[in-house]
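Q:
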């Protein structure tokens, strides 16, 4: 079989799943894919690689390559590399991203641009898949077009080898045949115009029909009449057609429940799952706040679950009972409610990577096990949105809505968390599992100064940081502890100032050395609030101190919260103050921040 090298750079597993799909399809099309994670540099060598290269790259944060690609990107960014370093390399790249973010598909674009700067050339056009509208709109046609592009690459390489008598060299994109060009153009039209062809038609039939349409573009067709399945110009020349019913791609089997024990084991996970009781719930916002924020305390004392401040864990939530019941009624399966449903994906389907299970929801730990032994806290906003199908109805998020309903019996409204347990009620239980260890932890050396940026519920992990620091300082009263800054923001001081009482306590006792709070909907009043609407404004107001901590005192900065706006704005503010305070161009300031990320001194825990 004709071999090609297939690399993936993934953060959450999406790029890996797509690369594995390409690997599976390769065999059917007569190719052999040598599949590796891009971080496994000992298993491939691009400097000597003669086979074509296919890369699938995701994007993380506000536009960074995934963690698995950081080493690779750093190596190829080496400015001492010659401009023809990869001149022998021919590649195709598929980038994954979300157009909701400013730097769409930037992880793939960084690698794509640098490979070309080092002499590599495309044998297949780059694809940019958008998770905002559905990755499959680009992923599926991009994969479909990969096979004819690979065939043409090998064919032209073989021809050049026969002419020159040398080792195969891939032809540039400009030398593709009209056949490949027409296939690629067809794929692009599918993506750009959201055209859905009859999935039962073969590629060759589609190409043939495209050619017929092209040849007859200026000729009146008189030998047939228009119908629901065939149209005459000008409609026949447009990228429109009557969609066919999609082919079946699932096999569904119902089986009666075999017993109580089996029915409880409905969730499978690679990580251990713990069923723990909710011991307390507190509403942190007032009833007139725009968002309702809840703190939930879990009792983990009778489990092996362990964590440290900065860790995250997953909550495994079920589907809504009422929505399940409504669906069963529509399917006329009410009498099968207690049955197990077994789904099997048909072998010839392309839907494999686009059938995700109900995903666990990640939450940051908002406590320290030193401060709350045997307990685990987390904080969340109850997600609410208007649904307009079929009528406008206020709906809640799958997980947060379920949690809010679950904790109603133990909820303490409009109060702040105390060290005392609420009155005992029947404790509801939830299933949780630990998440892969990350770097969002306090420095091992407590003398290192830290800056924390966490508006809204982004403050959650920092409460754990401060609780942990308080206990460490109690245990080591003569210890050397660095400065601790917190930039917090919310809309209104009197409605959604989360953990206000606790923060004042930390500030009074020297655990927190600087507290900078901004209220985006209130006029600045008093000493505690600076004249700033958002956390990034406060960072700029204190730019001199922030730069001193980061660049001269070897400090760390942590950012937690919204990835779409806040994290980007904070990043831009850091670029501005570094550029201003040390007198360098913004590009140099961006490189400085990139170095801080490499050194794990600029850490982000952000979400969309």
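In full-length UniProt numbering, the protein residues as written are 1 to 608. Even for Gly, the Cβ is constructed at its ideal location relative to N, Cα and C. Since the structure is predicted, the reported quantities are computational estimates derived from the model, not experimental observations.
For residue 412, write down the residues that DSSP places opposite it in a beta bridge.
A: 282, per the DSSP bridge assignment.
Q: Would you say the beta carbon of residue 477 comes nearer than 7 Å to a heavy atom of the ligand NAP?
A: With respect to the ligand NAP, the structure shown offers nothing to examine, as it has no ligands at all.
Q: Given residue 16, which residues of its chain have a CB within under 6 Å of its CB, disregarding the five upstream and five downstream residues?
A: Excluding sequence neighbours, residue 16 sits near 8, 10.
Q: Can you tell me whether residue 275 is buried or exposed? The criterion is at least 16 other CB atoms within 10 Å of its CB, across all chains shown.
A: That one is exposed.
Q: Among residues of its own chain, excluding the 5 on either side of residue 520, which ones have a beta-carbon nearer than 8 Å to its beta-carbon?
A: Contacts found: 489, 490, 491, 533, 534.
Q: Verify whether the separation of the beta carbon atoms of residue 22 and residue 46 is less than 8 Å.
A: Not closer than 8 Å, so no.
Q: Can you tell me which of 114, 144, 123, 98 puts its alpha carbon nearest to the alpha carbon of residue 129?
A: Out of 114, 144, 123, 98, 98 has the C-alpha closest to the C-alpha of residue 129.
Q: Starting from the Cα of residue 303, find the closest Cα among 362, 104, 543, 434 and give me that residue.
A: Comparing Cα-Cα distances from residue 303 to each of 362, 104, 543, 434, the minimum goes to 434.
Q: Ends of the beta strand (DSSP E) at residue 293?
A: First-last of the beta strand (DSSP E) with residue 293: 293-299.
Q: Considering only the alpha carbon of each residue, which of 247, 50, 55 lies closest to residue 36?
A: For the residues 247, 50, 55, the minimum Cα distance to residue 36 belongs to 55.
Q: Using DSSP with H/G/I as helix, E/B as strand and the rest coil, what is residue 312?
A: Here residue 312 sits in strand by DSSP.
Q: With DSSP as the reference, identify every bridge partner of residue 253, one or two as the case may be.
A: In the DSSP output, where bridge partners are listed per residue, residue 253 has 342.
Q: If you measure between the beta carbons of residue 364 and residue 375, is that distance less than 8 Å?
A: In this structure, residue 375 does not lie closer than 8 Å to residue 364 by Cβ.
Q: Pick out whichever of 460, 495, 485 has its Cα sitting closest to the Cα of residue 677.
A: What is shown of the chain runs 1 to 608, which leaves residue 677 out entirely.
Q: Which residues does DSSP pair with residue 34 in a beta bridge?
A: BP columns for residue 34 point to 5.
Q: Which of the three DSSP states, helix, strand or coil, is assigned to residue 125?
A: Here residue 125 sits in coil by DSSP.
Q: Can you give the Cα-Cα distance for residue 87 and residue 70, rounded to whole angstroms?
A: Their backbone Cα atoms lie some 22 Å apart in a straight line.
Q: Run through the DSSP bridge pairs and tell me what residue 384 is partnered with.
A: Partner(s): 396.
Q: Decide if residue 124 is buried, meaning its Cβ has at least 16 other Cβ atoms within 10 Å, or exposed.
A: Classification for residue 124: buried.
Q: Measure the alpha-carbon distance for residue 73 versus residue 462 and round it to whole angstroms.
A: Cα-Cα distance, rounded: 31 Å.
Q: Tell me which residues share the same chain as residue 453 and place their Cβ nearer than 6 Å to its Cβ, disregarding the 5 neighbours each side in the sequence.
A: Cβ neighbours of residue 453 beyond the five flanking positions: 487, 535, 559, 570.
Q: From residue 464 to residue 310, what does the alpha carbon distance come to, in whole angstroms?
A: Cα to Cα, residue 464 sits roughly 7 Å from residue 310.
Q: Tell me, please, whether the stretch 398-407 touches the stretch 497-510 by the rule of three or more beta-carbon pairs shorter than 8 Å.
A: Not touching, per the Cβ criterion.
Q: Measure how close the beta-carbons of residue 298 and residue 278 come, nearest whole angstrom, since I'm counting them as under 8 Å.
A: Confirmed, about 6 Å.
Q: Looking at residue 92 and residue 137, is the spacing between their C-beta atoms short of 8 Å?
A: Result no, Cβ atoms of residue 137 and residue 92 do not sit closer than 8 Å.
Q: With a threshold of 16 other CB atoms inside 10 Å of the CB of residue 531, please say whether the residue is buried or exposed.
A: So residue 531 counts as exposed.
Q: Less than 8 Å between the beta carbons of residue 254 and residue 339, yes or no?
A: Cβ distance < 8 Å, so residue 254 and residue 339 count as in contact.
Q: Kindly indicate which three-state DSSP category residue 92 falls into: helix, strand or coil?
A: In the structure shown, residue 92 sits in a strand (DSSP, three-state: E or B).
Q: Report back the beta-carbon spacing between residue 121 and residue 90 to the nearest angstrom; my notes put them in contact at under 8 Å.
A: With a Cβ gap of about 6 Å, residue 121 and residue 90 count as contacting.
Q: Which stretch, first to last residue, makes up the beta strand (DSSP E) that contains residue 362?
A: Where residue 362 is concerned, the enclosing beta strand (DSSP E) stretches over 361-364.
Q: Quick check: what's the CA-CA separation for residue 611 versus residue 432?
A: An answer regarding residue 611 cannot be provided, because it is not within the stretch 1 to 608 covered by the chain.
Q: Report the three-state DSSP secondary structure of residue 562 (helix, strand or coil).
A: Three-state result, residue 562: strand.
Q: Would you mind working out which of 152, 66, 100 sits nearest residue 111, comparing C-alpha positions?
A: The residue with the shortest Cα to Cα distance from residue 111 is 66.
Q: Classify residue 523 as buried or exposed, calling it buried when 16 or more other Cβ atoms lie within 10 Å of its own Cβ.
A: Residue 523 is exposed by the Cβ-count criterion.
Q: Per DSSP, what kind of secondary structure is residue 611 in: helix, strand or coil?
A: Outside the shown range of the chain (1 to 608) lies residue 611, about which nothing can therefore be said.
Q: What three-state label does DSSP hand residue 531 in the structure shown?
A: Reduced to three states, the DSSP call for residue 531 is coil.
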